[in-house]
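To get the working numbering, take the position in the sequence shown, counting from 1, and add 13.
Quick reminder that beta carbons are idealized off the backbone N, C-alpha and C, glycines included.
Computed from a predicted model, the values in this text were never measured in an experiment.
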Amino acid sequence: MRVVRRRLAAVLAAAVVLLCSWPAPASAVQPLLVGGVDADQNYPFMTALELPSGEHLCGASLVRPGWLVTAAHCVQGRTLDGFTARVGSNDRTQGGEVAKPAEIVVHPDYDPAGPGGDIALVRLATPVKAVPVELGTQAGAGTPTRLLGWGQTCPEQNCGPNPAMLKQLDTTIVDGKGCTGFDAAVELCTGNPGGTKGACYGDSGGPQLVRVEERWQLVGVSSRPGNDDAKCATGPSIYTSAVAYTQWINERTAPPPPQEPEPAP
14 MRVVRRRLAA
24 VLAAAVVLLC
34 SWPAPASAVQ
44 PLLVGGVDAD
54 QNYPFMTALE
64 LPSGEHLCGA
74 SLVRPGWLVT
84 AAHCVQGRTL
94 DGFTARVGSN
104 DRTQGGEVAK
114 PAEIVVHPDY
124 DPAGPGGDIA
134 LVRLATPVKA
144 VPVELGTQAG
154 AGTPTRLLGW
164 GQTCPEQNCG
174 PNPAMLKQLD
184 TTIVDGKGCT
194 GFDAAVELCT
204 GNPGGTKGAC
214 YGDSGGPQLV
224 RVEERWQLVG
234 VSSRPGNDDA
244 KCATGPSIYT
254 SAVAYTQWIN
264 ERTAPPPPQE
274 PEPAP
C-alpha cells in the first residue's frame, strides 16, 4: 500500500517511509494478506486490477454494475489502457468477467503526503453482471471485519510468489490510537491478529467487510500500514472508511437522469 503519508524533514525518516511503502513497483507488485486463509466462498463483487503483463496491481470492489471502488494511490496517474479488471472470480488469472476501465475518478481530497482521501472510483467500459457489494452504514472500534486479497503468506517484500487464489483474514477495527498518521474521521485502524497477521504490499484497494444479516457490506478500502515498520503485520493497518465517503460514492456512481423528450415542432 502507499507510503505512510506524513511530512518528514529528515532524510533518514524519508528513507524509512520508502521502505514502508505498501505498493511494490509496477514491475514487481507483491499483493499480500499475511496470515490469511483460502477464501471459503465466492465473493462476486471482489475484483482484481491486473497489469497488461498479467501481474497483480490492486484489489477493488464492485459497488454498481459499472463501477468499482479502490484506493486512489492504485490508479492515480494511470492510463485507461494500463490495467484491466477481473470481477467475481476467486482466481485472479481466470474466470469471472473481464472489463476495461473507461474513467478514473480520484477523490479530490487525496494527497499522498497526508491522511484521508485515499479512495477512487473506476467506471467500467461495459457494466458486468456480477452482484455488487452493499455499502456499510457504520464501523466503529470493536467491529469484527473480514479482509480480502491475493497475496503472499510471508511479511517481507519479494519474499515469495503471488498466489492465484483469493485469501481472506478475519480481524477487528481497533482504537485509532494504535495507528500513526491517521485521520479517525475518514479512516479505520484495523488490528493485526496475534501481532502477525494483516494487510501489506500490493493489497491496496481491497475490501474490508462486515457481515450484516447474512450479507457482506463494504466498510473499508485497504490504504497503508499503521506504523513505520517495513515488515508487514507488525502493527495495525489503515483502511479508508467507505462509510465516510458513501455520499461521494453514491453521487458519482448514480445513473444520469433521463433526458426529457424534445418538444414537437
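Measuring alpha carbon to alpha carbon, tell me which residue in H120, A143, I251 and E147 is nearest V135. Numbered from 1 along the sequence shown, position 122 holds the residue referred to as residue 135. For V135, the nearest C-alpha among the options comes from H120.
For T83 versus A133, is the C-beta spacing smaller than 7 Å? Indexing the sequence shown from 1 puts residue 83 at position 70. Indexing the sequence shown from 1 puts residue 133 at position 120. Contact: yes.
Cβ-based burial, P128 [other Cβ within 10 Å; buried from 16]: In the sequence shown, the residue the question calls residue 128 occupies position 115. Buried is the label assigned to P128, since at least 16 other Cβ atoms lie within 10 Å of its Cβ.
Quick one: what does DSSP say C33 is sitting in, helix, strand or coil? Stepping through the sequence shown from its first residue, residue 33 is reached at position 20. Residue placement at C33 is poorly supported in this model, since its pLDDT is 35, which falls under 50; the coordinates still yield a value, given next. Secondary structure of C33 (DSSP, three-state): helix.
Nearest residue (CA-CA) to T106, options P145, A61 and A126: The sequence position of residue 106 within the sequence shown is 93, counting from 1. If we check each option's Cα against that of T106, A61 comes out closest.
Kindly indicate which residue of Q181, K142, E273 and A255 has the alpha-carbon position closest to the one of D53. Along the sequence shown, read from residue 1 onward, the residue named residue 53 stands at position 40. Answer by Cα proximity: Q181.
How should E289 be labelled, buried or exposed, when 16 other C-beta atoms within 10 angstroms of its C-beta is the threshold for buried? The question about residue 289 has no answer, for the chain in this structure spans 14 to 278.
The alpha helix (DSSP H) spanning G186 covers which residue range? Locating residue 186 in the sequence shown gives position 173, counting from the first residue. The question names Gly, but residue 186 is Ile in the sequence shown. That residue, I186, is in no alpha helix (DSSP H); it is neither H nor E in DSSP.
Could you work out which residue in G101, M178, G153 and F96 is closest to K113 when comparing CA atoms only? Taking the first residue of the sequence shown as 1, we reach residue 113 at position 100. Ranking the options by Cα distance to K113, first place goes to F96.
DSSP state of P276 mapped onto helix, strand, coil: As a position in the sequence shown, residue 276 is number 263, starting the count at 1. DSSP, reduced to helix, strand and coil, places P276 outside both helices and strands of the structure shown, so it counts as coil.
Drop a sphere of 10 angstroms on the beta-carbon of V144, count the other beta-carbons inside from all chains shown, and report buried for 16 or more, exposed for fewer. Here residue 144 refers to the residue found at position 131 when the sequence shown is read from its first residue. Classification for V144: exposed.
Shortest alpha-carbon distance to R159 belongs to which of Y252, V111 and R77? Mapped onto the sequence shown, residue 159 falls at position 146. For R159, the closest C-alpha among the options Y252, V111 and R77 is that of Y252.
Does the Cβ-Cβ distance between V146 and V100 come in under 7 Å? Against the sequence shown, residue 146 aligns to sequence position 133. Against the sequence shown, residue 100 aligns to sequence position 87. Cβ atoms of V146 and V100: not closer than 7 Å.
Can the beta-carbon of T193 be found less than 7 Å from the beta-carbon of N240? Stepping through the sequence shown from its first residue, residue 193 is reached at position 180. Stepping through the sequence shown from its first residue, residue 240 is reached at position 227. Cβ atoms of T193 and N240: closer than 7 Å.
Excluding the 5 residues preceding and the 5 following T259 in the sequence, name in chain order all residues of the same chain whose CB lies nearer than 6 Å to its CB. Walking along the sequence shown from the start, residue 259 turns up at place 246. Apart from the 5 residues on each side of it in sequence, T259 sits with its Cβ closer than 6 Å to the Cβ of L148 in its chain, given in chain order.
Can you tell me where the alpha helix (DSSP H) with R159 in it begins and where it stops? Counting from 1 along the sequence shown, the entry for residue 159 is found at position 146. Note, R159: premise wrong, no alpha helix (DSSP H); beta strand (DSSP E) at P157 to G162.
With a threshold of 6 Å, establish whether the CB of P249 neighbours any heavy atom of the ligand FAD. As far as ligands go, the structure on display features none, and thus does not contain the ligand FAD.
Just list the beta strand (DSSP E) runs in the region 107-132, keeping only unbroken ones of 3 residues or longer that don't cross its boundaries, in chain order. Whole beta strand (DSSP E) segments, 3+ residues: 110-112 and 114-119.
On a CA-only basis, which of Q221, D242, M59 and G215 is nearest V104? Give me that one, please. Translated into positions along the sequence shown, residue 104 becomes position 91. In the sequence on display, residue 104 carries Asp and not Val. Restricting attention to Q221, D242, M59 and G215, the CA atom closest to the CA of D104 is found in M59.
Could you check where the alpha helix (DSSP H) with C87 kicks off and where it finishes? Taking the sequence shown and counting its residues from 1, the one referred to as residue 87 is at position 74. Boundaries of the alpha helix (DSSP H) around C87: A85 to V88.
Below 7 Å between beta carbons: does that hold for L179 and G219? Taking the sequence shown and counting its residues from 1, one reaches residue 179 at position 166. Taking the sequence shown and counting its residues from 1, one reaches residue 219 at position 206. No.
Measuring only between beta-carbons, confirm whether L161 sits less than 7 Å from chain B. Any reference to chain B falls outside this structure, which holds one protein chain only.
Reduced DSSP secondary structure (H/G/I, E/B, other) of T60: Along the sequence shown, read from residue 1 onward, the residue named residue 60 stands at position 47. The DSSP-derived three-state label of T60 is strand.
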